[in-house]
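To start, the structure under review is shown below, and the notes come after it.
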Amino acid sequence: MASTRLKQTCAKCNKGGGTAMCHGCQQSFCTKHFVEHRQELSQQIDDVGQEHDLLRQDWNRNKNIDTLLVRIDKWEQESIKTIQTCAQNARVALQQLHNQTNNELKMFFGKLTQQVQDCQQSDNYTEINIKNWIKQLKELRQIIEKPSFVNIDYDNSITSPIKLIKVTGVQHSLLSFSQGKQLNENNNDTENRFVGWSSNEKFNENFGNITLSTDGLAAWCSRTTTGGSYISGIGRYSSRIHFIRFRIVHRDSDYWFFGIITASQQLISRISRAKSAYGWRELRYTVVNGEPKNRDLTEIIKSGDEITLILNCDNRLIQLQHHRTNTLVEISIDLEQCPFPWKFVIGLDSINDGIKIVR
Numbered sequence: 027m028a029s030t031r032l033k034q035t036c037a038k039c040n041k042g043g044g045t046a047m048c049h050g051c052q053q054s055f056c057t058k059h060f061v062e063h064r065q066e067l068s069q070q071i072d073d074v075g076q077e078h079d080l081l082r083q084d085w086n087r088n089k090n091i092d093t094l095l096v097r098i099d100k101w102e103q104e105s106i107k108t109i110q111t112c113a114q115n116a117r118v119a120l121q122q123l124h125n126q127t128n129n130e131l132k133m134f135f136g137k138l139t140q141q142v143q144d145c146q147q148s149d150n151y152t153e154i155n156i157k158n159w160i161k162q163l164k165e166l167r168q169i170i171e172k173p174s175f176v177n178i179d180y181d182n183s184i185t186s187p188i189k190l191i192k193v194t195g196v197q198h199s200l201l202s203f204s205q206g207k208q209l210n211e212n213n214n215d216t217e218n219r220f221v222g223w224s225s226n227e228k229f230n231e232n233f234g235n236i237t238l239s240t241d242g243l244a245a246w247c248s249r250t251t252t253g254g255s256y257i258s259g260i261g262r263y264s265s266r267i268h269f270i271r272f273r274i275v276h277r278d279s280d281y282w283f284f285g286i287i288t289a290s291q292q293l294i295s296r297i298s299r300a301k302s303a304y305g306w307r308e309l310r311y312t313v314v315n316g317e318p319k320n321r322d323l324t325e326i327i328k329s330g331d332e333i334t335l336i337l338n339c340d341n342r343l344i345q346l347q348h349h350r351t352n353t354l355v356e357i358s359i360d361l362e363q364c365p366f367p368w369k370f371v372i373g374l375d376s377i378n379d380g381i382k383i384v385r
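The sequence shown begins at 27 in the working numbering and counts up one residue at a time.
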């Protein structure tokens, strides 16, 4: 039987005879078009070679790594700056807490020394007094030898790839006056004497153009007004010793007022002139019974400063501590003019004047 062979035609011109098969594309070409097909393949492989060479050149001079390194360097510098700023803030906070604790200890030592000396001179003391003094001295020694008035911990309130720290003050569990323990027990003394921070104090009553924060811890003067704008707190004080710390957020005027009035007195215009008003317009400018004394308006208290108003009901006096200059001034209170209970009063004068209670 004769075999039949299929006639192959050129994939380009469809002519038969003299065709050659390309084993790559599996097509047949005549001699002419086979040569052209091979030339096309040759051109394609040349293109591949050129693209290969270009890609290699681009790879050799690729600067992408340099750009990424610059980004890493920038991140490093910004992170270092952030950490340095955080560390400096922590140092400042730690120093302030250290100074604050030292001032409290100094005050406590002074009172304890005076009590012991007074009892010795008057020969008026018992075993109870001696036990209390020994206990207080032991507690103070523990505080001095193992201070723990601060916590240094990570600040989880800040979202950051770097864990930042914060410094916070803590009430020492052994410090008698910070926990409200008895300072002294005389034979005829039926009232415990306490010293402590008024941690629940906040702004409440106000007169004039005052804006309060929602938490009651900050107050601003919204407009300058003749007669001033005043704010007071929720606390009423008639015994013990109380510390209320403030931060001066912004101060433009010299005519602020830091002090007290009797709690039954409502805030009104020029309340700092009331008979029960005691306090300061500046550290050297005192107000007694509403009357100015030592009219020295030398500016010491400035924006950013912190002050502590100390209401010493037991000794019938108030004190103002300026932390930046470590200055402490005091005024004795006439209870006939300013009877218990007391409340603190802050007077603001100019627009944008602002103050905050520090807890």
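Note that CB positions come from ideal geometry on N, CA and C, so glycine has one too. None of these values were measured; they are calculated from a predicted model.
Please name the residue, chosen from E153, P318 and K41, that lies closest to S298 on a Cα-to-Cα basis.
P318
Contact check, V333 vs L343, beta carbons under 8 angstroms
Note that residue 333 is Ile in the sequence shown, not Val. Contact: no.
Residues bridged to C247 by DSSP?
I236
Does the beta-carbon of E227 have 16 or more other beta-carbons within 10 angstroms, so that it is buried, or is it exposed?
buried
Any beta strand (DSSP E) of 3 or more consecutive residues that is wholly inside the stretch 266-354:
267-276, 283-288, 304-308, 311-314, 317-319, 332-338 and 343-348
Beta strand (DSSP E) segment containing L67, residue limits:
From DSSP, L67 is part of no beta strand (DSSP E) but of the alpha helix (DSSP H) over T57 to N86.
Whose C-beta lies closer than 7 angstroms to the C-beta of K207 among residues of the same chain, with five residues either side of it excluded?
With a pLDDT of 37 at K207, under the threshold of 50, the modelled position of this residue cannot be trusted; read the value that follows with caution. Closer than 7 angstroms at the Cβ level, and outside the excluded window around K207, lies no residue.
Taking 7 angstroms as the limit between beta carbons, can you name the residues of its chain near S279, skipping five residues before and five after?
D375, S376 and D379
Measure the Cβ-Cβ separation of F233 and I274 and say whether it is below 8 angstroms.
no
Which residues in the same chain as R262 place their Cβ atom closer than 8 angstroms to its Cβ, once the five residues preceding and following it in sequence are excluded?
A289, P367, W368 and K369
Hey, would you say L337 sits closer than 8 angstroms to Q347, going by beta carbons?
no
Compare the Cα-Cα distances from V142 to each of I169, N155 and E104 and report the closest residue.
N155
Limits of the alpha helix (DSSP H) - the one that L163 falls within:
E153 to E171
Does DSSP put A37 in a helix, in a strand, or in coil?
coil
Can the beta-carbon of R277 be found closer than 8 angstroms to that of S329?
yes
Could you tell me the distance, in whole angstroms, from the CA atom of T93 to the CA atom of T108?
23 angstroms
Report all residues from its chain with a CB closer than 8 angstroms to the CB of Q121; omit the five preceding and five following residues, and keep chain order.
none
Kindly indicate which three-state DSSP category L123 falls into: helix, strand or coil?
helix
W368 - DSSP class collapsed to helix/strand/coil
strand
Beta carbon of K382 nearer than 8 angstroms to that of F272:
yes
Quick check on S358: does DSSP put it in helix, strand or coil?
strand
Leaving out five residues before and five after C48 in sequence, what residues of the same chain have Cβ atoms less than 8 angstroms from its Cβ?
S54, F55, F60 and H63
Rounding to the nearest angstrom, what Cα-Cα distance links C39 and Q76 in this structure?
31 angstroms
Three-way DSSP call (helix, strand, coil) for Q53 in this model:
strand
Which class does S148 belong to by DSSP, given the choice of helix, strand or coil?
helix
Would you report the Cα separation of W282 and K132, rounded to the nearest angstrom?
28 angstroms
DSSP has M133 in a bridge; who is on the other side?
None; M133 has no bridge partner.
Suppose contacts are defined by Cβ-Cβ distances below 8 angstroms. Is I372 in contact with F284 by that definition?
yes
Short of 6 angstroms in beta carbon distance, which residues of its chain neighbour P365, apart from the five on each side in sequence? Order them along the chain.
T288
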